[in-house]
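Heads up, our numbering is the position in the sequence shown plus 236, with the first residue counted as 1.
Accompanying notes for the structure given below.
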Amino acid sequence: MKEIIMRVFLFVHFVMFLFLSPVFAEIDVAVVSESIVQVRVYKNHKILAEGSGFVVNEEGYVLTNAHLLADAEGLTVRARKTGAEIVSQQVFANRELNLALLRAQGLGLLPLNLSERGAAVGRMVETLKLTPQDSIQIARGTIGTYQDVPGKKVSDPVAHLLQHNAMVTSKAFGMPLFNECGDVVAINLPDPKSGSWPFRKNVEPRGTVFALRSVDIIAVLKDREITHSVVKEECLSAVERTERDRKIAEDSIKAVAKAARDSVSAERVARLAAEKAVKEKQQAAEKAEAARLAAEKAKAQADLASKAAADSVKAAQDSINTARLALEQEKARTDSLKKATQERIAAQKSAADSLAAVHQEEREKTSQRLQWAIVSGGILVILVLFGWFMFARRKRAQLQATASRLSEAEQEAEAARQAVSEAPQFAPFRCLLEGQDNTGQPFALSIPALALPSGVTLGRSPANAEFIIDHESVSREHIRLLYADGNLYVEDLGSTNGSRINGRLLNPREPAVLQNNDQLEVGPVVFQVRLMQE
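As structure tokens, then:
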């Protein structure tokens, strides 16, 4: 009983310790800093801009802001912990989301976990800021509001933003925003309305900080099949965790009290069980003695039964030997009759084979006489047909020579007519297409005036198109250009992502007039049309 009381005492003190523990455990800066990097943008071999980012994949994938990469000719990623600077490549960049994904092979840093559920308005959050000495500190605050910013075009993605008051400087743009569990719920970025795109890198936050929520980050990584760690469970607030721990403590105290009561009852049950076991042991000994006497009696009866069975087996064995002898005699008589029958059948078969051989010889002689008659008649017919064939062949050769001279004359006349009608035509201009896709990749095509009257096809596949647009979102046969009746026409060939002139969607298989300085969209690639006079 004393042991039970001591256990209850220790458990109550443990519960009190839990309630006195701090409800908000801040993130470990030393651990998180191992996943933070400095992004450097170079132009003309000089540093153009610097920003922050964090690792999301053990293969060296880093998230940062897209506005840093404007006018970039080279990119590096520097680990904050080790100072190692590694050349990186741009994998993805989107201006509407202000999100960019880089890859620095050999970076070797641990990735951060992304929260799938994010954090609700009013919840506490933490982020990282840089001191004037370039060291990392924690900035705390709460989420103030959510804001969804639509793209400039219908096809552009919607940026799911939030605002918080964990204040940082512009150097911390690209830093992760953590929930109370230490999972990333957003990435810090400038105010979307703070000036033109290239100059956002120098705009300081005013009152609140904008951040792109993790739902957009996870979507980008999934679309590119990049491995990342996602926490799907909801992160409880400090109040929720305190209430949960209080309830667990109450349930545990009740369980300990019940166990103490059950222990007292168990002692009483054990004593009664021991008394019952002694009684049952005595009864078992009496039953064992009775069983021993019964076994001795049964053994004597079994010995008598065994002797009787042995006598019965001997008598049965004698009967079996007699039956076996009779069976062997019957088998010998059956074998003799079988042998005689086989000899009689063999004699009958030999006589039948001799008769069949005589009939076969007669049939062969008759067949030979018939074959000689057929061969003689065939030779006679062939001689008659050969004479007729030689006469007809000489007559047909004369007719074919006359027809051949007539056909050659007609072909020469037709070739002359076609040469006149198929003389090459020229358009009065050549078509120059210059543009880029939504990532800034340039494209340019020059279509000569000679090709336009017969029509040219533009697409992604060299097997289907004369002019190639090497982009994964362009169809194999996307559009067709044709000069006719003094106008240049464009026709969408049933492409997957469609075509537009000055923002107007073209109906498939319906030609439309294309003029100088028009804007032609081929899927995601936007061209400026130039009709250059020849």
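Ideal Cβ placement from N, Cα and C applies to all residues, glycine included.
- For L457, the uninterrupted alpha helix (DSSP H) run begins and ends at S450 to D459, by DSSP.
- N415 and L366 have their C-alpha atoms spaced approximately 19 Å apart.
- Around the beta carbon of Y297, a 10 Å sphere encloses 16 or more other beta carbons of the protein chains shown; the residue is thus reported as buried.
- Classified as buried, D452 has 16 or more neighbouring CB atoms from the shown chains inside 10 Å of its CB.
- Inter-segment contact for the segment 466–477 and the segment 349–360 is present: three or more beta-carbon pairs are separated by less than 8 Å.
- Selection P664, H714 and P698 evaluated against M768 yields P664 as nearest (Cα-Cα).
- H464 carries a coil assignment under DSSP once its states are collapsed to helix, strand and coil.
- By the Cβ-count criterion, S735 is buried, with 16 or more other Cβ atoms from all chains shown falling within 10 Å of its own Cβ.
- Between P412 and T363, the gap from beta carbon to beta carbon is short of 8 Å.
- Beta-bridge annotation (DSSP): H400 is paired with I379 and V445.
- For L669, the CB contacts under 6 Å within the same chain, skipping 5 residues up- and downstream, are L681 and F763 in chain order.
- Per DSSP, reduced to three states, the secondary structure at Q751 is coil, with no helix or strand assignment.
- Residue state for I705 is assigned as coil, using DSSP reduced to three classes.
- Under the 8 Å Cβ criterion, the segment 739–750 counts as touching the segment 718–726, having at least three qualifying pairs.
- Between L345 and A315, the beta carbon gap of about 6 Å places them in contact (Cβ cut-off 8 Å).
- The C-beta of H281 has fewer than 16 other C-beta atoms within 10 Å across all chains shown, which makes the residue exposed.
- For S430, the closest C-alpha among the options F662, H303 and R716 is that of H303.
- Uninterrupted beta strand (DSSP E) stretches at least 3 residues long and entirely within the segment 317–397 occur at 321–323, 325–330, 335–339, 360–366 and 372–385, given in chain order.
- For T558, the number of other beta carbons within 10 angstroms of its own is below 16, and it is reported as exposed.
- A straight-line Cα-Cα distance of about 10 Å links A474 and R480.
- With respect to the C-alpha of G342, the residue from G691, V313, L448 and Y719 having the closest C-alpha is V313.
- In this structure, A422 sits near L448, with a CB-CB distance shorter than 8 Å.
- When DSSP states are grouped into helix, strand and coil, M768 belongs to the strand group.
- The C-beta distance from V404 to P441 rounds to 7 Å, short enough to meet the 8 Å contact threshold.
- Here S271 has F290, V291, L345, L346, P347 and L348 as same chain residues with Cβ atoms under 7 Å from its own Cβ, once five neighbours each way along the sequence are excluded.
- Counting of Cβ neighbours within 10 angstroms places D419 among the buried residues, the total reaching 16 or more.
- Residue pairing of C667 in beta bridges, as defined by DSSP: I683 and L767.
- Note that the C-beta distance between Q274 and L305 is not below 8 Å.
- Excluding the 5 residues flanking it on each side, A329 has same chain C-beta neighbours closer than 7 Å at A302, L305, A336 and T675, in chain order.
- By the CB criterion at 8 Å, V758 and I715 fall inside the cutoff.
- Here V710 carries a coil assignment [DSSP, helix/strand/coil].
- A straight line joining the alpha-carbon of V692 with that of I322 spans about 46 Å.
- In terms of Cβ geometry, H464 and N293 form a close pair [threshold 8 Å].
- The beta carbons of L688 and L718 sit closer together than 8 Å.
- In the DSSP assignment, A408 falls outside any alpha helix (DSSP H) and carries neither an H nor an E.
- In this structure, S269 and K407 do not form a Cβ contact; the two beta carbons are roughly 15 Å apart against a cut-off of 8 Å.
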